[in-house]
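Numbering (our numbering), first residue to last: 62 to 442. Just below is one structure, and these are the notes that go with it.
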Amino acid sequence: MDASYLGNSSSVSVWIDYSTLANRVLPVVVFFNAITNVLYYLGAMQVIIRVIARVIRFVMKTSSVESFAVAAQIFLGQAESSIALKPFLKDVSRSGLNSVMTGGFATIACTYIAAYIEFGVPAQHLVAASFMSAPAALAVAKLGWPEDSDVEEIDLSNVQLDVGQETNTLEAASVGATATVKLVAYVVVNLIAFLAILSFLDAAISFYGERVGHPEINFEWLCSYIFMPLAIITGIPWNDCRTVATLIGKKIVLHDFLAYMDLGRLIKEDKLEDRSAVIATYILCGFGSIASIGVTLGALTAAEPSRRKDYARGVFRAFVCGNVACFMTACIAGMLYTEFTPVIYNNATDCNMTSLASCNTTMSNSSLYVLDLTNITQNEL
């Protein structure tokens, strides 16, 4: 076996700052999971999820199981929400299964949100993206697979998460922190695996590119053109379209963790416009990678094996619907996002006619301005 092939695994160190990962990102994940488990022990998280599910059910007119599933997926993710829905998966319609799977592809677990914030991704937009993607996932899922029969409704109080069995809050925090060991191992192992795969893809594609006189062609180069139309339609500025398209390719083909890691680096290095960074945050917010298809099939099959064929039949459609939901929320965010340009005049006596006209032009295009005209004389006007 060629040594250069095995050398792809060692190239991971080029992409990851292990000290930052060990000292900043992973401790945040452990802390956040410990706090979340305490909230489960106290029953607070169950109440929050149930309230959100009722709101979604009232607004979207979806079934209780579908509403609860997407509400839980905002906080839990694909595997954990499947366990919570185990008693109801046997009888839910195929359209309902599509909604459940779509919600899993369109949202991310709150534990991952903590890690992505530590990367440098805007926290307020990341949280908003996760919440916005839940109803968007239901809307797209129902368009992708409409109900073809009446759904037997159940009481939302029967769809719930078990309260923790720990003795007190200290034990709940300890159990939550200990349970993070599996998650941390999952994150690190997947980072190493997918970054090595990315390095291999780059090397393989570059090899064939060199044969035709274009050594610059690699995996990221291909993604920047293949997914560029998706970046354009979401409102990304032209000069950032190829960069964001590369992030989209990494999310879909590899893993959203890698995409957010790169997004955080681009933000810190000021290589993206603020508008591009915000819209990209919404685009990437979801477990919408090809690898997540296997996670979804495995989690649902473990929860209810009798529906295995239905899962397999609808999982790719749900995968597409989940990513479409993320792009839809990104389009909405792009429509609503306004860059704030503060204009401050502390010494108004310095304001002449030219600066006043410039100020008015800026004010008309800005949502935030502070102007003091009290000392402007008649001659200056």
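Even glycine gets a Cβ: it sits at the ideal position worked out from N, Cα and C. Predicted model only: the values in this text are computed from it and were never measured.
Inset, instruction - Measure the Cβ-Cβ separation of Pro207 and Ser156 and say whether it is below 8 Å. - result: Counted from its first residue, the sequence shown places residue 207 at position 146. Counted from its first residue, the sequence shown places residue 156 at position 95. Result yes, Cβ atoms of Pro207 and Ser156 sit closer than 8 Å.
Inset, instruction - For Lys151, collect the residues of the same chain with a Cβ closer than 8 Å to its Cβ; drop the 5 residues on either side in sequence, then sort them by chain order. - result: For the purposes of this step, residue 151 is taken as residue 90 along the sequence shown, with counting starting at 1. Here the set comprises Glu365, Ser367, Arg368.
Inset, instruction - Would you mind working out which of Cys392, Ala265, Ala197, Ile354 sits nearest Ile294, comparing C-alpha positions? - result: The residue labelled residue 294 in the question sits at position 233 within the sequence shown. That would be Cys392, whose Cα lies nearest to the Cα of Ile294.
Inset, instruction - With a cut-off of 8 Å on the beta carbons, I'd call Thr357 and Ala190 a contact; round off their distance for me. - result: On the sequence shown, residue 357 is found 296 positions in, with the first residue counted as 1. On the sequence shown, residue 190 is found 129 positions in, with the first residue counted as 1. No, Thr357 and Ala190 are not in contact; Cβ-Cβ is about 20 Å, not under 8 Å.
Legend entry - Distance CB(Ala234)-CB(Val381) smaller than 8 Å: Here residue 234 is taken as the residue at index 173 of the sequence shown, counted from 1. Here residue 381 is taken as the residue at index 320 of the sequence shown, counted from 1. Cβ distance not < 8 Å, so Ala234 and Val381 don't count as in contact.
Inset, instruction - Indicate the three-state DSSP secondary structure (helix, strand or coil) for Glu334 in the structure shown. - result: On the sequence shown, residue 334 is found 273 positions in, with the first residue counted as 1. Coil.
Legend entry - Residue nearest to Ser128 in terms of C-alpha spacing, selected from Ile313, Ala95, Glu330, Gly165: Reading the sequence shown from its first residue, position 67 is the one you call residue 128. Nearest option by C-alpha distance: Gly165.
Inset, instruction - Starting from the N-terminal side, write out each stretch of the alpha helix (DSSP H) that is 4 residues or longer and does not extend beyond the region 269 to 351. - result: 280 to 287, 289 to 294, 302 to 310, 317 to 329, 335 to 344
Inset, instruction - Please list, in chain order, all residues of the same chain as Ala132 whose beta carbon is under 8 Å from its beta carbon, the five residues on each side excluded. - result: Your numbering for residue 132 matches position 71 in the sequence shown. Counting only Cβ-Cβ distances below 8 Å, and skipping sequence neighbours, we find Ile110, Arg111, Ile113, Ala114, Ile117, Ala195.
Inset, instruction - Decide if Gly355 is buried, meaning its Cβ has at least 16 other Cβ atoms within 10 Å, or exposed. - result: Translated into positions along the sequence shown, residue 355 becomes position 294. With fewer than 16 Cβ atoms within 10 Å of its Cβ, Gly355 is classed as exposed.
Legend entry - Inter-stretch contact at 8 Å, needing at least 3 Cβ pairs: the region 330 to 340 / the region 295 to 312: yes
Inset, instruction - Apply the 10 Å Cβ neighbour rule to Met322 and answer buried if 16 or more other Cβ atoms are within range, or exposed otherwise. - result: What you label residue 322 is simply residue 261 of the sequence shown in a count that begins at 1. Flag for Met322 reads buried.
Inset, instruction - Could you tell me which of Gly274, Gly310, Gly359 sits nearest to Met289, measuring between CA atoms? - result: Residue 289 sits at position 228 when you count from the first residue of the sequence shown. Taking only the C-alpha atoms, the option nearest Met289 is Gly310.
Inset, instruction - Rounded to whole angstroms, what's the CA-CA distance from Tyr102 to Ala140? Just pull it up for me. - result: Within the sequence shown, the letter at position 41 stands for residue 102. Within the sequence shown, the letter at position 79 stands for residue 140. One C-alpha to the other measures close to 19 Å.
Legend entry - Given Asn94 as reference, the closest of Val242, Ser124, Ala197, Val201 once Cα atoms are compared: Residue mapping note: residue 94 aligns to position 33 of the sequence shown, counting from 1. Measuring from the Cα of Asn94, the nearest candidate turns out to be Val242.
Legend entry - Nearest candidate by alpha-carbon position, reference Ile297, set Gly395, Gly347, Leu259: Along the sequence shown, one-based indexing puts residue 297 at 236. Closest by alpha carbon: Gly395.
Inset, instruction - Work out the CA separation of Thr230 and Leu333 for me, nearest whole Å. - result: Residue numbering aside, residue 333 sits at position 272 when the sequence shown is read from its first letter. Residue numbering aside, residue 230 sits at position 169 when the sequence shown is read from its first letter. So the two alpha carbons sit approximately 43 Å from each other.
Inset, instruction - Please confirm if the region 259 to 267 is in contact with the region 276 to 283, defined as three or more CB-CB distances below 8 Å between the two stretches. - result: yes
Legend entry - Boundaries (first-last residue) of the alpha helix (DSSP H) holding Ala195: Stepping through the sequence shown from its first residue, residue 195 is reached at position 134. Run containing Ala195: 184 to 205, per the alpha helix (DSSP H) assignment.
Inset, instruction - Would you mind giving the Cβ-Cβ distance between Ile144 and Phe348, rounded to the nearest angstrom? I have them listed as a contact below 8 Å. - result: For the purposes of this step, residue 144 is taken as residue 83 along the sequence shown, with counting starting at 1. For the purposes of this step, residue 348 is taken as residue 287 along the sequence shown, with counting starting at 1. Incorrect: roughly 16 Å between the Cβ atoms, too far for contact.
Inset, instruction - Tell me whether Asp411 sits in a helix, a strand or coil according to DSSP, three-state version. - result: Working through the sequence shown from its first residue, we reach residue 411 at position 350. Reliability of the predicted coordinates at Asp411 is poor, the pLDDT of 48 falling under 50, and no value is obtained from them.
Legend entry - Residue from Gly375, Gly383, Pro88, Ala363 whose Cα sits closest to the Cα of Ala176: As a first step, residue 176 must be located in the sequence shown, where it is residue number 115. Minimum Cα distance to Ala176 is reached at Pro88.
Legend entry - Gly181 in three-state terms, based on DSSP: Mapped onto the sequence shown, residue 181 falls at position 120. Three-state DSSP puts Gly181 in coil, outside helix and strand.
Legend entry - Helix, strand or coil at Tyr398 according to DSSP, with G and I counted as helix: The residue given as residue 398 occupies position 337 in the sequence shown. The answer is coil: DSSP assigns Tyr398 none of H, G, I, E or B.
Legend entry - With 16 other Cβ atoms within 10 Å as the buried cut-off, status of Lys312: The residue you call residue 312 lines up with position 251 of the sequence shown. Buried is the call here.
Inset, instruction - Evaluate Pro183 with the Cβ neighbour count: other Cβ atoms within 10 Å of its Cβ, from every protein chain shown; 16 or more gives buried, anything less gives exposed. - result: Position 122 of the sequence shown, counting from 1, holds the residue named residue 183. Per the 10 Å Cβ criterion, buried.
Legend entry - Own chain residues within Cβ distance below 8 Å of Met106, not counting five before or after: Taking the first residue of the sequence shown as position 1, residue 106 is located at position 45. Once the five neighbours on either side are set aside, the close Cβ partners of Met106 are Thr97, Leu100, Phe136, Leu222.
Inset, instruction - Rank Ala198, Ile253, Leu146 by C-alpha distance to the C-alpha of Ala160 and give the top, closest one. - result: Residue 160 sits at position 99 when you count from the first residue of the sequence shown. Checking the displayed sequence, the identity of residue 160 turns out to be Ser instead of Ala. Measuring from the Cα of Ser160, the nearest candidate turns out to be Ala198.
Inset, instruction - Just the C-alpha distance for Asp331 and Met193, rounded to the nearest angstrom, thanks. - result: Here residue 331 refers to the residue found at position 270 of the sequence shown. Here residue 193 refers to the residue found at position 132 of the sequence shown. Their backbone Cα atoms lie some 26 Å apart in a straight line.
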